[in-house]
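Here full-length UniProt numbering is used: position 40 in the sequence shown is 40, and no number is missing along the way.
What follows is one structure encoded as structure tokens, with my remarks underneath.
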Amino acid sequence: MAVRISGIIIAVSFVFALFSGNMTALSEAAVSGCSRAVTLTMSLIGMMCLWSGVMRCAEKLGFLDRLSAVMSPVLKPLFPEAWKSGRGIPEISAAITANILGVGNAATPLATAAMKSLSDGKSDTATDDMITFTVLGTAFPCAVPTTIISLRAAAGSRTPLDILPTVWICSVCLSVFAAVLSRTLAFSGASAKRKKRHTGDL
């Protein structure tokens with residue numbers, strides 16, 4: 001699907017550039033875009049190597065297990081399948097903690113490891129827990145939104161931290177709504193499957 005969407009975008013860009021006489025600009029954009037893509041990829045690889053190593057050390061030291069135990073009241077109802085299987089919970093705990101602390105560079109590789117653990121390489125279809133984790137990953141409360149604060153400071157704001165109460169309130173409301181909606185849809189989907197299976201048995 002992603003390949004098709006990318007192909008459509010490239011084709012449309014080429015057609016518009018051809019008819020508008022901007023082929024030179026398109027060529028320059030393609031070259032600069034490829035250069036930025038390589039730079040971004042290399043930086044992401046470095047971050048993933050670093051934080052994957054940190055996570056492995058934390059796992060060996062038992063930190064992730066203790067973190068999972070502390071967060072169990074929240075994680076158990078949100079990720080019931082993963083909790084039953086015991087797969088992916090430490091990675092989910094670490095990723096959520098990184099999001100809360102506003103360490104975006106750490107959250108990306110940790111979230112990737114969590115999704116890999118949740119999928120277990122058995123299927124290319126997202127499970128309910130994977131969907132819930134994806135939704136919460138973009139909505140979970142952040143104690144210190146470092147990116148927004150740094151942007152406000154760079155723009156000349158004298159009080160870049162004034163947005164914190166608003167960010168906290170919005171993040172909490174969004175997280176609760178996302179969690180309730182995700183688990184409701186997961187429950188309704190499971191009920192539909194059980195009903196269909198029961199009808200088939202009859």
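Where a beta carbon is used, it is the ideal one built from N, C-alpha and C, also for glycine.
Item, Value
"Are the CB atoms of Thr78 and Thr132 nearer to each other than 9 angstroms?", "Looking at the sequence provided, one finds Leu at residue 78 rather than Thr. Against a cut-off of 9 angstroms, the Cβ pair of Thr132 and Leu78 comes out as a contact."
"My understanding is that Ala139 touches Ser93, with C-beta atoms under 8 angstroms, so please give their C-beta distance in whole angstroms.", "That belief does not hold up - the Cβ atoms of Ala139 and Ser93 are roughly 17 angstroms apart, past 8 angstroms."
"Identify whether Pro90 lies in helix, strand or coil by the three-state DSSP scheme.", "helix"
"Using three-state DSSP, classify Asn22 as helix, strand or coil.", "coil"
"Output needed for Asp129: all residues of its chain with C-beta closer than 7 angstroms, excluding positions within five of it in sequence on either side, in chain order.", "Phe79, Glu81, Ala82 and Leu118"
"Less than 9 angstroms between the C-beta atoms of Gly156 and Ala114, yes or no?", "no"
"Kindly indicate which residue of Arg183, Ser188 and Ala143 has the alpha-carbon position closest to the one of Val74.", "Arg183"
"Is it buried or exposed, Pro145, if we count other Cβ atoms within 10 angstroms and call 16 or more buried?", "buried"
"Got a sec? Which residues, its chain only, sit under 8 angstroms from Leu64 by beta carbon, not counting five neighbours each side?", "Met55, Ala58, Pro90, Glu91, Ser93 and Ala94"
"Decide if Pro165 is buried, meaning its Cβ has at least 16 other Cβ atoms within 10 Å, or exposed.", "exposed"
"Do Ala126 and Leu110 have their C-beta atoms closer together than 9 angstroms?", "no"
"Please name the residue, chosen from Ile96, Leu101, Ser68 and Asp162, that lies closest to Gly86 on a Cα-to-Cα basis.", "Ser68"
"Is it the case that the Cβ atoms of Ile163 and Ile148 are separated by a distance below 9 angstroms?", "yes"
"For Cys173, tell me which candidate among Ala154, Cys142 and Val31 has the shortest Cα-Cα distance.", "Cys142"
"Thr112: which of Leu101, Gly137 and Ala37 sits nearest, CA to CA?", "Gly137"
"Tell me whether Pro145 sits in a helix, a strand or coil according to DSSP, three-state version.", "coil"
"By a C-beta neighbour count over all protein chains shown, 10 Å radius and 16 as the cutoff for buried, is Ile9 buried or exposed?", "exposed"
"Please work out which residues of its chain come closer than 8 angstroms, Cβ to Cβ, to Arg152, disregarding the five sequence neighbours upstream and downstream, and give them in chain order.", "Pro160 and Ile163"
"Can you tell me where the alpha helix (DSSP H) with Thr132 in it begins and where it stops?", "Asp128 to Ala139"
"Would you decide whether Ala107 is buried or exposed? Buried here means 16 or more other CB atoms lie within 10 Å of its CB.", "buried"
"What do you get for Val96, buried or exposed, if any count of 16 or more other CB atoms within 10 angstroms of its CB means buried?", "Correcting the residue identity first, residue 96 is Ile in this sequence and not Val. So Ile96 counts as buried."
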